[in-house]
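> First the structure, then my questions, so here it is.
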Amino acid sequence: FIPIFGASVDREMVPTGGFIIVLHMCTLTCMLFMWITLWLTYSTDPGSIGRTTANNTHSNKNNRNRKTNKNTELETLATKLQLQYDEALQKYALQQEVDDTTTSTTSAPPSLPPLCHSCHILKPLRSKHCRIQRKCVLLFDHYCPFVGNTIGMYNYRYFYAFLFFFTTSEIGFVITWCQYLLRATRWDRFVFTSGLFVGVFVFPASIMFCYHSWLLVTNLTTNEHQNKRRYDYLQQDSNPGKFYNPFDRGFFWNVSSRLFFPCEQSFTLSSGDHGNNLDDDDALLGDNDGSANNKDGKEQHRNLLAHVV
11 FIPIFGASVD REMVPTGGFI IVLHMCTLTC MLFMWITLWL TYSTDPGSIG RTTANNTHSN
71 KNNRNRKTNK NTELETLATK LQLQYDEALQ KYALQQEVDD TTTSTTSAPP SLPPLCHSCH
131 ILKPLRSKHC RIQRKCVLLF DHYCPFVGNT IGMYNYRYFY AFLFFFTTSE IGFVITWCQY
191 LLRATRWDRF VFTSGLFVGV FVFPASIMFC YHSWLLVTNL TTNEHQNKRR YDYLQQDSNP
251 GKFYNPFDRG FFWNVSSRLF FPCEQSFTLS SGDHGNNLDD DDALLGDNDG SANNKDGKEQ
311 HRNLLAHVV
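Residue numbers (this note's numbering): 11 to 319.
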């Protein structure tokens, strides 16, 4: 839409003025940052914890890179959760043995905290096992095929920035396209068709950006919003079945914890936040006494998986 290197063009078709210059500069800048944030969304580990699989391309890629503090924290957390997984299964086994020795048939079966039997970890709150990446992901939002990665705790900021720059790029493109059509002295079917095709994406991009802006200020993930009735920690203690978000701690905390300073408090609850399943929540990240290291642990796992999977 702008002449390059003095190419021969119809001057009446070329918009001029300060507004047009600013429009071009803003649109091109947004397009540049759109591609940068797209790459960062794709290449950043979303917060994967659990077992490393041979088919996990992002894990293999990260293993070749230099370790960072974030990688070290994830490995430490994964080790702790694996130990707690072992301990939870051992407690379950002991309880089963006790139940087998009693004659009562009315006792309820022993309960288990949230476990992932694919990653062999005790699942933190707000996490979910991604079947595409084959790992549990902290603050799992969704898997996005358009960026080729799972959206989670550590790359949500780049995904949100990508939506912003993609939307603004589309809006700037549509405005430029309309300016061109209004000043054109002849009909150009290619320009009209290509501009219309690109402009259609303004609507889904704007809807996605507005939706994730709402999720951001309310501190929810896409997974939590779509499955809010499935998670006990999103229910009121006094009124089970009624939605309540204990992670909604105010606008500034919600935005900063999702975009700027994601931390352990982003997926853990204290006694002042919620009363539901607090013991289970504490166990997710609590200290482990190492009882899972006994010799019978692995044999118990083989015998128990048929009952708990």
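Quick reminder that beta carbons are idealized off the backbone N, C-alpha and C, glycines included.
(1) Excluding sequence positions up to five away, which residues of its chain have a Cβ less than 6 Å from the Cβ of A215?
(2) Decide yes or no for the touch test of the region 131-151 against the region 159-172: beta carbon pairs closer than 8 Å, at least 3 of them.
(3) Helix, strand or coil, according to DSSP, for N286 in the structure here?
(4) What separation, rounded to the nearest whole angstrom, lies between the Cα atoms of H127 and V208?
(5) Measuring alpha carbon to alpha carbon, tell me which of F202, N229, R239 ends up nearest N249.
(6) Which same chain residues, not among the five before or five after C140, have their C-beta less than 7 Å away from its C-beta?
(7) Report back the beta-carbon spacing between K145 and I59 to the nearest angstrom; my notes put them in contact at under 8 Å.
(8) Using the C-alpha atoms, what's the distance from F211 back to S204?
(9) Rounded to whole angstroms, how far is the Cβ of Q94 from the Cβ of L132, which I believe are closer than 8 Å?
(10) Using the rule of at least 16 other Cβ atoms within 10 Å of the residue's Cβ for burial, across every protein chain shown, is S301 buried or exposed?
(11) I'd like the list of long-range same chain contacts for P124, defined as Cβ closer than 6 Å, with 5 residues on each side in sequence excluded.
(12) Can you tell me the Cα-Cα spacing of N229 and S276, whole angstroms?
(13) Quick test of the definition: if touching needs 3 or more C-beta pairs under 8 Å, does the region 164-172 touch the region 91-106?
(14) Please state whether the Cβ-Cβ distance between L226 and R268 is less than 8 Å.
(15) Restricting to runs no shorter than 3 residues, where is the beta strand (DSSP E) found entirely within the region 152-201?
(16) Specify the secondary structure class of V147 as computed by DSSP and reduced to three states.
(17) What does the Cβ neighbour count give for G28, buried or exposed, with the cut at 16 atoms within 10 Å?
(18) With DSSP as the reference, please indicate the residues paired to Q245 in a beta bridge.
(19) Taking a contact to mean a Cβ-Cβ separation below 8 Å, would you say T39 touches F169 in this structure?
(20) Which residue marks the beginning of the alpha helix (DSSP H) containing H235, and which one marks its end?
Checking against the coordinates, here is how it stands:
(1) F176, T177, E180
(2) yes
(3) Its pLDDT being 48, under 50, N286 is placed unreliably in this model, and the coordinates cannot settle the point.
(4) 44 Å
(5) R239
(6) Counting only Cβ-Cβ distances below 7 Å, and skipping sequence neighbours, we find V147, F150, Y153, T160.
(7) 7 Å
(8) 12 Å
(9) 4 Å
(10) In this prediction, S301 scores a pLDDT of 37, lower than 50, which makes its location untrustworthy; no coordinate-derived value is stated.
(11) K133
(12) 9 Å
(13) Segments in contact, no.
(14) yes
(15) 152-154, 159-161
(16) strand
(17) exposed
(18) F253
(19) no
(20) 232-236
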